[in-house]
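Okay, so the sequence shown: first residue is 131 according to the working numbering, each after it adds one.
C-beta atoms are modelled at their ideal positions from N, C-alpha and C, and glycine is treated no differently.
Okay, structure first, notes after.
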Amino acid sequence: SAVELRIADIIHSHGVAITLSQIASCINGSLTSPDITTLARIMRLLVRRKIFTVHHPSDGGDPLYDLTHSSRWLLHDSEQTLAPMILMENHPWLIAPWHCFSQCVKECGIAFKKAHGREIWDLASGNPEFNKLFNDGLACTSKVVTSAILSGYKQGLSSIESLVDVGGGIGGLISEIVKAYPHIKGVNFDLPHVVLAAPAYNGIFHVGGDMFHAIPNANAVIMKWVLHDWGDEDCIKILRNCRKAIPRGNGKVIIVEVVVKAEGSGVFDDLGFIFDLLMIAHSSGGKERTEVEWKKILEEGGFSRYKIIDIPALPSIIEAYPDDQ
131 SAVELRIADI IHSHGVAITL SQIASCINGS LTSPDITTLA RIMRLLVRRK
181 IFTVHHPSDG GDPLYDLTHS SRWLLHDSEQ TLAPMILMEN HPWLIAPWHC
231 FSQCVKECGI AFKKAHGREI WDLASGNPEF NKLFNDGLAC TSKVVTSAIL
281 SGYKQGLSSI ESLVDVGGGI GGLISEIVKA YPHIKGVNFD LPHVVLAAPA
331 YNGIFHVGGD MFHAIPNANA VIMKWVLHDW GDEDCIKILR NCRKAIPRGN
381 GKVIIVEVVV KAEGSGVFDD LGFIFDLLMI AHSSGGKERT EVEWKKILEE
431 GGFSRYKIID IPALPSIIEA YPDDQ
């Protein structure tokens, strides 16, 4: 509701903390005056969750509401906004599969398919409005994670000569990496129909193919939010193909994924568990993994050594090295 009402944007546009009445007066689309009592109850919870702050003036004036670090992620026009993702995840079509979890426990199967009779990609392809919402949600999270990779993994990228982005879509991530490190020869690799729609980028070659068959050769492979879409056996197949694509001496695979931490107390640790449930709700067998689960598939895929690097985002970087290095 706060995102739909653009409450964070309203406060931000004033530049200072404002009252509920001021917030209400700026809410667009109301046929009548906004219900301030309902708004107050929504804001009370959001303040408790530290999405907004409230200050009670000593002169007894109306309470003043302001932004926190968290609410800045809700600004629609920010480069680092997560507003489209929140709108996407709260769409009724994406909420419906959550009500099928008990069926999945009892009968197995895919929650999204139980709710809609088909998988999410099929539903999106036949509904342009939902497809835009879905793509906007994915794009905004990708932008945030890409920024975190560039700021938190400089040492890992600077020494790479050539890099292939497996499942790179239309080339957003690899183009930003090559822009920051022009010496890298970048390859954007995805299904043929996907790369056909990719724009031209300086220093980037688009290659169509199937990661289950073969992956273009490079010094390093990067995969962002690819493996969590697949079960263990499929992940091992993909990793083995990555192993074939990189050199023995100094090759590596850069995996950008959530590492679920059972004992973690960091700001993103609870979100790892939530995202794992999102995978039940919206994917066809994917999951978020613990370090133990990652270690198992990495070893079976030909990568016995790895290190986990935290970046300022929900996923971490798993830097994996082949057995014969």
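- Taking 4 residues as the minimum length, the alpha helix (DSSP H) runs contained wholly in the segment 375-441 are 399-412, 421-430, in order along the chain.
- Annotation: the continuous beta strand (DSSP E) that includes SER292 extends over 292-296.
- Residue pairing of ASN318 in beta bridges, as defined by DSSP: ASP295, HIS336.
- In the DSSP assignment, LYS236 falls within the unbroken alpha helix (DSSP H) covering 231-237.
- Contact between ASN349 and SER292 holds, with the beta-carbon distance rounding to 5 Å and staying under 8 Å.
- At a Cβ-Cβ threshold of 8 Å, HIS246 and TRP228 do not count as neighbours.
- Around CYS234, the same chain offers ALA241 as residues with beta carbons nearer than 6 Å, after the five sequence neighbours per side are excluded.
- Shown here for SER281: same chain residues with a beta carbon closer than 7 Å to its own, the five before and five after excluded, namely PRO442 in chain order.
- Taking the Cα positions, MET173 is about 8 Å away from PHE182.
- Scanning its chain for C-beta atoms nearer than 7 Å, with the 5 sequence neighbours on each side dropped, one finds around GLU449 the residues GLY286, LYS382, ILE384, TYR436, LYS437, ILE439, in chain order.
- Beta-bridge annotation (DSSP): GLU449 is paired with ILE384, LYS437.
- Only buried fits HIS358, as 16 or more other CB atoms lie within 10 angstroms of its CB.
- Secondary structure at HIS142: helix, using DSSP grouped into helix, strand and coil.
- The alpha-carbon separation between ILE427 and GLU421 amounts to approximately 10 Å.
- With fewer than 16 other Cβ atoms inside 10 Å of its own Cβ, LEU175 counts as exposed.
- Excluding five sequence positions before and after VAL184, the CB atoms of its chain that fall closer than 6 Å to its own CB belong to VAL177, PRO193, TYR195, given in chain order.
- Residues of the same chain with a CB within less than 7 Å of the CB of SER200, apart from the 5 flanking positions on each side, are LYS180, ILE181 in chain order.
- Separation of GLU134 and PRO187 (C-alpha to C-alpha, rounded to the nearest whole angstrom) is 28 Å.
- Put simply, the backbone Cα of PRO312 is about 22 Å away from that of ALA375.
- The Cβ atoms of GLY298 and ILE304 sit closer than 8 Å to each other.
- The alpha-carbon separation between SER413 and SER163 amounts to approximately 41 Å.
- Secondary structure of PHE260 (DSSP, three-state): helix.
- Just so you know, the alpha carbons of MET218 and PHE260 end up roughly 9 Å apart.
- Annotation for LEU408: GLU219 place their beta carbon closer than 8 Å to its own, counting only its chain and skipping 5 residues before and after.
- If you look at LYS354, you'll find it in the beta strand (DSSP E) that goes 350-354.
- Between the alpha carbons of ASP189 and THR198 lies a gap of roughly 24 Å.
- Annotated as proximal: GLY316 and GLY333, with beta-carbon spacing under 8 Å.
- The DSSP assignment places complete beta strand (DSSP E) segments of no fewer than 3 residues inside the segment 156-199 at 182-185, 194-197, in order along the chain.
- For HIS206, there is no enclosing alpha helix (DSSP H), as DSSP marks it with neither H nor E.
- According to the DSSP secondary-structure assignment, ILE148 is paired through a beta bridge with TYR195.
- Residue range 302-310 is occupied by the alpha helix (DSSP H) that includes ILE307.
- Shown here, PHE242 sits in a helix according to DSSP, grouped into three states.
- Assigned with DSSP and collapsed to three states, ALA443 falls in coil, not helix or strand.
- Residues VAL274 of the same chain have their beta carbon placed closer than 6 Å to that of GLN210, with the five preceding and five following residues left out of the count.
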